[in-house]
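Asker: Below are the structure tokens for one structure; questions will follow.
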Amino acid sequence: MPANGPRGAPPPDLDIVTVVYRRELPLLRLQACSVAQFLDPAGISRIIVIVNDVAEAECIAAVEALRPAYGALAARLDVIGADALFALRPPEAGPHGIRQALRLWFAQHRRIYPFGVKRGWRGNRGWSVQQALKLAVARRGEGRMLLILDAKNHFVAPVRAGTFLAADGRARSTMKVPGEKHWTWIRGAFALLGASPPQREAPAPVTVTPVVVPRDMLLGTLEAVEQRVGPVEGFFARAKGDLSEFMLIYAHVTQARGAWPALFQPDLPPAATIFRRSPPEQIEAALHRVETGEAEILSVHSSQMDRLDEGVQARLCAIWRARGLPDDLFRQGD
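To get this note's numbering, take the position in the sequence shown, counting from 1, and add 75.
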């Protein structure tokens, strides 16, 4: 799907990327409607939705059925399955050696194991494969920058490409002093790429979407990782959860390009997020940020949809209704 624009014109600035599986389809519908309602089409190249589901064809069809919900950007929707995305890897990128080949074979044939088939690509753990997909998408699309989202993210205020890009063309980034888990991911990423980690108390880019990254930096990360461990899907499918795709980007960029704050504008406000294990006070803070107009993106983890109390559900529905977004997400399970 070519980007819109006259022949010879520079490519639009931004590709938007979301990885999804079947359980998240109601949230993807909400995201699609928020794109139609709040995202300025100018400067947007593609909206790339990557299907990470054991029933890939079925899920792709369900995502395609949502195309009209994207409104003026429907023609720029680019739906791709994990199989097709991983197939974009050039042969010289691996696998190299029997270990990498075996790891990839097991990942590709995970759904034939007798026990423990998961919901993600070919029966693998969706969360693990999702990390590989967010790196592999560097080989898909045309935008100079990629805005990486999760299905849980949706817009609740007007946004445009410039919301995520600084006036000087740099990507905007959210940074904070890392906690213990965040620091573990940082150390693991730098170690994998053979680099020394930053100072423990130095602010680092976050691991929570939205994340904006230049395509050349994402592709450089993907190539550096695959040079060391082989195909990313084989590696992440067998990983133990002590690595983060976003910290691998941080490690590669720091190693190859220099200090992160010099390359990114560190002023991207974080989304108002209800995480998988958010306590009541964190949920209250997220809702307050949206209700007072302080946040442009609201995020609700899919696992929370069945857990939120009626008061929180009512406030979320009021937020969505006031912004012209679907307010029936909780009724869909009735």
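Where a beta carbon is used, it is the ideal one built from N, C-alpha and C, also for glycine.
#1: Given a cut-off of 8 Å on the beta-carbon distance, is the pair Ala312 and Asn199 in contact?
#2: Using a 10 Å radius around the Cβ and a threshold of 16 neighbouring Cβ atoms, would you call Ala84 buried or exposed?
#3: Return yes when the Cβ of Ser248 is within less than 8 Å of the Cβ of Thr282, no when it is not.
#4: Evaluate Pro285 with the Cβ neighbour count: other Cβ atoms within 10 Å of its Cβ, from every protein chain shown; 16 or more gives buried, anything less gives exposed.
#5: Evaluate contact between the stretch 250-268 and the stretch 222-230, counting only Cβ atoms and requiring at least three cross-stretch pairs below 8 Å.
#6: State the Cα-Cα distance for the pair Leu208 and Ile223, rounded to the nearest angstrom.
#7: With distance defined between alpha-carbon atoms, name the residue in Ala346, Leu179, Gly333, Val129 nearest to Val234.
#8: Taking its Cβ as the centre, do 16 or more other Cβ atoms sit within 10 Å of Lys193, making it buried, or is it exposed?
#9: Candidates Gln274, Glu133, Arg303, Ser120: which alpha carbon is nearest Leu267's?
#10: For Thr282, report the span of its alpha helix (DSSP H) as first-last.
#11: What is the rounded straight-line gap between the Cα of Arg121 and the Cα of Ala111?
#12: Looking at the structure shown, is Lys256 part of a helix, part of a strand, or coil, going by DSSP?
#13: Helix, strand or coil: which one does DSSP assign to Ser377?
#14: Any idea if Ala389 is buried or exposed, counting beta-carbon neighbours within 10 angstroms, 16 or more meaning buried?
#15: Only counting the same chain, and skipping five residues up and downstream in sequence, which positions put a Cβ closer than 6 Å to that of Met322?
#16: Within its chain, find whatever has a CB closer than 8 Å to the CB of Arg214; leave out the 5 residues flanking it on each side and keep chain order.
#17: For Pro81 and Asp90, I'd like the C-alpha separation in whole angstroms.
#18: Whole angstroms are fine: how far does the CA of Ala314 sit from the CA of Gly172?
#19: Of the residues Tyr188, Phe190, Arg219, Ala182, which one's Cα is nearest the Cα of Ser203?
#20: For Val387 and Val231, which I take to be in contact (beta-carbon distance under 8 Å), what is that distance rounded to the nearest angstrom?
#21: Measuring alpha carbon to alpha carbon, tell me which of Glu167, Asp88, Pro336, Ile394 ends up nearest Ala361.
#22: Exposed or buried, what is Tyr188 when buried is set at 16 or more other beta-carbons lying within 10 Å of its beta-carbon?
#23: Taking the beta strand (DSSP E) that Thr93 belongs to, which residues open and close that run?
#24: Going by DSSP, which residues form a beta bridge with Leu114?
#25: Quick one: complete alpha helix (DSSP H) runs, 4+ long, within the stretch 313-378?
#26: Assuming Ser377 and Arg178 are in contact, meaning their beta carbons sit under 8 Å apart, how far apart are those beta carbons, in whole angstroms?
#27: Once the 5 residues before and after Ala270 are set aside, which same chain residues still bring their CB inside 6 Å of it?
#28: Closest to Ala149 by CA distance: which of Ala157, Ala140, Gly156 is it?
#29: Tell me which residues share the same chain as Cys392 and place their Cβ nearer than 6 Å to its Cβ, disregarding the 5 neighbours each side in the sequence.
#30: Return the first residue and the last residue of the alpha helix (DSSP H) that Ile173 is part of.
#31: Where does Glu385 land, buried or exposed, given buried means 16+ other C-beta within 10 angstroms?
#32: Just curious, the beta strand (DSSP E) that Trp121 is in, first and last residue?
Answerer: Reading from the atomic positions:
#1: One thing to note: Ala312 has its Cβ within 8 Å of the Cβ of Asn199.
#2: For Ala84, the predicted model reports a pLDDT of 43, less than 50, meaning its position is unreliable; a value from the coordinates is still stated below. Ala84 should be labelled exposed.
#3: No, they are not a contact pair.
#4: With 16 or more other Cβ atoms within 10 Å, it is buried.
#5: No: the two stretches stay apart, fewer than three of their Cβ pairs being nearer than 8 Å.
#6: Whole-angstrom Cα-Cα distance: 11 Å.
#7: The candidate whose alpha carbon is nearest that of Val234 is Ala346.
#8: Buried, because 16 or more other Cβ atoms sit within 10 Å of the Cβ of Lys193.
#9: Of the candidates Gln274, Glu133, Arg303, Ser120, the one whose C-alpha sits nearest the C-alpha of Leu267 is Arg303.
#10: No alpha helix (DSSP H) contains Thr282, which DSSP labels as neither H nor E.
#11: Each residue's Cα considered, the two are about 14 Å apart.
#12: Look at Lys256 here: in three-state DSSP terms it is helix.
#13: Ser377 falls in the helix class under three-state DSSP.
#14: Classification of Ala389: exposed, given that the 10 Å Cβ count is below 16.
#15: Taken in chain order, the residues that qualify are Trp260, Ile261, Ala264.
#16: Closer than 8 Å at the Cβ level, and outside the excluded window around Arg214, lie Leu160, Leu163, Arg164, Leu294, Leu297.
#17: For Pro81, the pLDDT reaches just 36, beneath the cut-off of 50, and the residue's location in the model is therefore unreliable, leaving the point undetermined.
#18: Separation of Gly172 and Ala314 (C-alpha to C-alpha, rounded to the nearest whole angstrom) is 18 Å.
#19: It is Ala182 whose Cα lies nearest to the Cα of Ser203.
#20: Val387 to Val231, Cβ: 16 Å. No contact.
#21: Of the candidates Glu167, Asp88, Pro336, Ile394, the one whose C-alpha sits nearest the C-alpha of Ala361 is Ile394.
#22: Under a 10 Å Cβ-count criterion, Tyr188 is classified as exposed, with fewer than 16 other Cβ atoms of the shown protein chains found around its own Cβ.
#23: Per DSSP, Thr93 belongs to the beta strand (DSSP E) from 89-95.
#24: Leu114 is bridged to Val234.
#25: Runs of alpha helix (DSSP H) with 4 or more residues, each lying fully within the stretch 313-378, are found at 320-332, 335-338, 355-366, listed in chain order.
#26: The C-beta distance from Ser377 to Arg178 rounds to 28 Å, too long to fall under 8 Å, and the pair is not in contact.
#27: Sequence-distant Cβ neighbours of Ala270 in its own chain, meaning closer than 6 Å and more than five residues away, are Ala326, Gln330.
#28: Comparing Cα-Cα distances from Ala149 to each of Ala157, Ala140, Gly156, the minimum goes to Ala140.
#29: So the qualifying residues of the chain are Asp402.
#30: Element bounds for Ile173: 172-183.
#31: Exposed, since its Cβ has fewer than 16 Cβ neighbours within 10 Å.
#32: Per the sequence shown, the amino acid found at residue 121 is Arg instead of Trp. For Arg121, the uninterrupted beta strand (DSSP E) run begins and ends at 119-126, by DSSP.
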